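Enquirer: Residue numbers for the sequence shown, in the numbering used here: 762 to 1031. Every residue, glycine too, gets a C-beta built ideally from N, C-alpha and C. Just so you know, these numbers come straight off a predicted model, no measurement behind them.
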Amino acid sequence: MRIGKQDQAYTAIATSDADSITVRGHDLCDDLIGQIDFSDYFWLLVIGEKPTPAQRKMLDACLVSIAEHGLVPSVQAARMTLAAGPDAWQGAMAAGLLGMGSVVAGSTEVSGRFLADVMAKADADGSDLETAAIARLQELKAQRKKVPGLGHPQHSGGDPRADKLMAIADDLGISGRYMETLRVLAKHAPGIINRPLPINVSGAIPAVILDAGWPLEALKAVPLLARTAGLAAHLYEESLRSVGFIMSHHADQAITYDGEPSGSSAKKSA
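1) Any contact of the stretch 832-841 with the stretch 809-816, i.e. 3+ C-beta pairs under 8 Å?
2) Between the Cα of P957 and those of R922, L943, G912 and Q851, spot the shortest distance and give me the residue it belongs to.
3) What residues match up with I808 in a beta bridge as DSSP calls it?
4) Going by Cα to Cα distance, which pick from D780, P1022, D792 and G873 is closest to G964?
5) Write down every uninterrupted run of the alpha helix (DSSP H) in the stretch 929-977 whose length is 4 residues or greater and which is fully enclosed by it, in chain order.
6) What is the DSSP secondary structure of V825, counted as helix, strand or coil?
7) Determine the direct distance from the alpha carbon of A822 to that of A930, and round the result to whole angstroms.
8) Could you check which residue in T989, F1006 and E999 has the C-alpha nearest to that of G860?
9) Exposed or buried, S800, counting other C-beta atoms within 10 Å across all chains shown (16 or more means buried)?
10) Quick one: residues in its chain with C-beta nearer than 6 Å to the C-beta of A923, no 5 flanking neighbours on either side, listed in chain order?
11) With a cut-off of 8 Å on the beta carbons, I'd call S1000 and L843 a contact; round off their distance for me.
12) Within the same chain, show all residues whose beta-carbon is closer than 6 Å to that of I1016, passing over the 5 residues directly before and after it, in chain order.
13) Assuming A979 and V807 form a contact by the criterion Cβ under 8 Å, report the distance between their Cβ atoms to the nearest whole angstrom.
14) On the DSSP letters alone, give me the boundaries of the beta strand (DSSP E) that I895 sits inside.
15) Looking only at its chain, what residues have a beta carbon closer than 8 Å to the beta carbon of D889, apart from the 5 residues adjacent to it on each side?
16) Using only CA atoms, which one of V833, D848 and D886 lies nearest to V864?
17) Can you tell me whether P967 is buried or exposed? The criterion is at least 16 other CB atoms within 10 Å of its CB, across all chains shown.
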């Protein structure tokens, strides 16, 4: 049974023949290997064009800012997977990447789509960004939902990674409507939500990279690639001095069983 459209049997990414390999219109061996750095290649692969110097610098800054974030749940999952299967680097890496959801790392995409939603609301209503941002913030407050891209449990006075990324974007001259929207939200959110809500790195990354020309539909690829580098470091360290079972043991000690005591089902049936 055929499922989905059957009339788009094409790819514009790569092809090869007996003599050459072509990637996005470039000869892999003659034009790319040894001639282009990985950030440029990542941009070329996804978008189809090489980045400008400003786009490359912004992408590099975003990747560096979140490549490593300590023993977060996704890293713990990866390290414990490797501890259980030392030969399964691919499985451990996959475990870490699968743990990147809307709360950890995947929050970048959530924030980016929220910024796009505020911009779309302004366009649809024929209003300015400030009016649209206030309306969306009031909706979130009424729904008792968090504001994507704002707030941080540790850096309540401001996320230094976000501040740095935004400063770089300003210096490069690529700050645009996404950055404007983020700053408008940050201006009004504390007064509407009634608590400190500084811009966090998950809000800054989509704002700066989308203004730089990265597509919204591929936004999640940026934190995924960044965290892959961090996971590689943790898995290498795990292979040298394992803490996977230590983490597992401490988790077992930290969690208290509050289910039915042994034998209680037999007593109830008696």
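Expert: In this structure, then:
1) Output reads no: the stretch 809-816 does not touch the stretch 832-841.
2) Here residue 957 refers to the residue found at position 196 when the sequence shown is read from its first residue. Minimum Cα-Cα distance from P957 among the listed residues R922, L943, G912 and Q851 corresponds to G912.
3) Here the question's residue 808 lines up with position 47 in the sequence shown. Per DSSP, I808 has no beta-bridge partner at all.
4) Numbered from its first residue, the sequence shown carries residue 964 at position 203. Closest by alpha carbon: G873.
5) The alpha helix (DSSP H) runs of length 4 or more contained entirely in the stretch 929-977 are, from start to end of the chain, 938-954 and 962-972.
6) For the purposes of this step, residue 825 is taken as residue 64 along the sequence shown, with counting starting at 1. DSSP, read as helix, strand or coil, puts V825 in helix.
7) On the sequence shown, residue 930 is found 169 positions in, with the first residue counted as 1. On the sequence shown, residue 822 is found 61 positions in, with the first residue counted as 1. Going by the C-alpha atoms only, they are around 10 Å apart.
8) The residue labelled residue 860 in the question sits at position 99 within the sequence shown. If you compare the alpha carbons of T989, F1006 and E999 with that of G860, the shortest gap goes to T989.
9) Translated into the one-based positions of the sequence shown, residue 800 becomes position 39. With at least 16 other beta carbons inside 10 angstroms of its own, S800 counts as buried.
10) By one-based count along the sequence shown, residue 923 stands at place 162. Once the five neighbours on either side are set aside, the close Cβ partners of A923 are I960, N961, V962 and A965.
11) In the sequence shown, residue 1000 corresponds to position 239, counting from 1. In the sequence shown, residue 843 corresponds to position 82, counting from 1. Correct: roughly 7 Å between the Cβ atoms.
12) One-based indexing of the sequence shown puts residue 1016 at position 255. Nothing listed; no residue qualifies.
13) Residue 979 sits at position 218 when you count from the first residue of the sequence shown. Residue 807 sits at position 46 when you count from the first residue of the sequence shown. Cβ atoms of A979 and V807 come within 8 Å of each other, at about 5 Å.
14) Within the sequence shown, numbered from 1, the residue matching residue 895 stands at position 134. Premise fails: I895 lies in the alpha helix (DSSP H), L890 to Q904, not in any beta strand (DSSP E).
15) Sequence index remark: in the sequence shown, residue 889 carries index 128 (1-based). Taken in chain order, the residues that qualify are A883.
16) As a first step, residue 864 must be located in the sequence shown, where it is residue number 103. Closest option to V864, Cα to Cα, is V833.
17) Position 206 of the sequence shown, counting from 1, holds the residue named residue 967. Classification of P967: buried, given that the 10 Å Cβ count is 16 or more.
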